[in-house]
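First comes the structure, then the notes that go with it.
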Ligand code: DAU
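In our numbering, the protein residues as written are 2 to 355.
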């Protein structure tokens, strides 16, 4: 039995985490904290998760008074810290918000945990992080491991690495019980369409081209969001502290290959618009675009017995079908128009045809 503060609970990964815990840990009390006006966070994502044992609080992780009050009033003993600004392109367009939420916001949570938990060992602060903190592994796929040095290269990755360093420092200095997970790219339902997979799905469905940055040969590892959340739960429940696990599939995929696979699925679902791959085009590269992320995720398999349930094709298919079955989702999250404007401006700046 735990009382869990889930930050960023109304976002893509946060809401999947809430769903998993409501289904599989029904006796845990959940306090969901989300700004609800940040990118991706919407009550629409939490539909069906309400009821006894789940409280949704609208608020900012950087609000010291609110966070402190929640820790005390709700007797929080566990933090699942998922709140973050997450899009690399946005961090290039405006890094300030990333420093504020990802660095300052994490510090506010850590301070509340340090002060309110006051050395109580039956607590846990779990930091949800990213393989991007280990930096570009290069064409030779120089594999990173959990104890490799951080080498972030985008403002986003640097803000997450900074947050991870802060979490580690609270463990070493005050003995705060912490754990980490470093995930690869996620896909699945309810992902904000600034990210590659939903971006391509929505553009393909509206007859637009599918812009790949540069040569499209960048390598990412792709994981269904439910598999990511199962990994977080496994790490959270593992005994010990200071644990950190990379999370992801063993194989990487080039962006071009990923989008082609998606196009094949689109051809099956929307044959009249086939071949969707004819819409793939190449546009100016993202500044400082990392070629390869590769953090070996064998420790979590060996020590915790975690394995993804979805392979890449299954994950793509389930994701595509969700967007096809939920055509009103963009309108319900309330940012359809804003987002389209933002993307068009960004895309024009990248040299795309729009
Ligand atoms: O590696 C984990 C990270 O994955 C997470 O920590 C980040 O929060 C998440 O944003 C993601 O970062 P990426 O930059 O890899 O994700 P994104 O979906 O933006 O892009 C995936 C790849 O596709 C990347 O190489 C850039 C490329 N791309 C993306 C978009 C949106 C394109 O070629 N064209 C596009 O239009």
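We treat Cβ as the ideally placed atom computed from N, Cα and C, and that holds for glycine.
The structure presented is a predicted model; accordingly, all values stated were derived computationally and were not measured.
Taking residue i as the reference, which of the options has the closest Cα?
i, options, result
"residue 329", "8, 45, 10 and 12", "45"
"residue 192", "316, 51 and 28", "316"
"residue 55", "23, 226, 122 and 281", "23"
"residue 245", "223, 9 and 128", "128"
"residue 308", "251, 51, 264 and 274", "251"
"residue 196", "37, 267, 159 and 320", "320"
"residue 73", "41, 117 and 203", "117"
"residue 178", "249, 12, 284 and 124", "124"
"residue 275", "264, 282 and 65", "264"
"residue 262", "150, 41 and 277", "277"
"residue 190", "235, 279, 16 and 2", "16"
"residue 151", "294, 281 and 234", "294"
"residue 291", "2, 26 and 143", "143"
"residue 36", "108, 253 and 102", "102"
"residue 318", "279, 300, 306 and 267", "267"
"residue 61", "29, 21, 254 and 110", "110"
"residue 222", "248, 281 and 106", "248"
"residue 75", "134, 181 and 58", "58"
"residue 122", "176, 171, 130 and 200", "176"
Report the partner residues of residue i according to the DSSP bridge assignment.
i, result
"residue 211", "281"
"residue 183", "130 and 247"
"residue 261", "Answer is none; residue 261 lacks a bridge partner."
"residue 58", "34"
"residue 254", "221"
"residue 125", "79"
"residue 44", "Note: residue 44 sits in no beta bridge, so no partner."
"residue 145", "296"
Residue i lies in the alpha helix (DSSP H); which residues open and close that run?
i, result
"residue 226", "226-238"
"residue 67", "65-74"
"residue 110", "106-118"
Apart from the five residues on each side of it in sequence, which residues of its chain come closer than 8 angstroms, Cβ to Cβ, to residue i?
i, result
"residue 310", "225, 227, 228 and 231"
"residue 303", "none"
Between which two residues does the beta strand (DSSP E) containing residue i stretch?
i, result
"residue 35", "30-35"
"residue 19", "Element bounds for residue 19: not the beta strand (DSSP E) but the alpha helix (DSSP H), 13-25."
Near residue i, which residues of its chain fall below 7 angstroms by C-beta distance, leaving aside the five closest residues on each side in sequence?
i, result
"residue 19", "7, 10, 31, 33, 47 and 50"
"residue 113", "68, 69 and 72"
"residue 353", "In this prediction, residue 353 has a pLDDT of 49, which is less than 50 and means its spatial position is unreliable; nothing more can be read from the coordinates."
"residue 138", "144, 145, 293, 294 and 295"
Under the criterion of a Cβ to heavy atom distance below 8 angstroms, does residue i qualify as lining ligand 3?
i, result
"residue 180", "For the structure depicted, ligand 3 is absent and the ligand set comprises only ligand 1."
Please list, in chain order, all residues of the same chain as residue i whose beta carbon is under 6 angstroms from its beta carbon, the five residues on each side excluded.
i, result
"residue 41", "12, 13 and 193"
Worksheet item: Can we say the region 217-228 touches the region 248-258, given the rule of at least three CB pairs closer than 8 angstroms?
Response: Flag = yes, the region 217-228 and the region 248-258 touch.
Worksheet item: Counting pairs of Cβ atoms below 8 angstroms between the region 153-164 and the region 84-93, do you hit three or more?
Response: yes
Discussion item. With a threshold of 8 angstroms, are at least 3 pairs of Cβ atoms found where one atom belongs to the region 85-104 and the other to the region 149-161?
Written reply: yes
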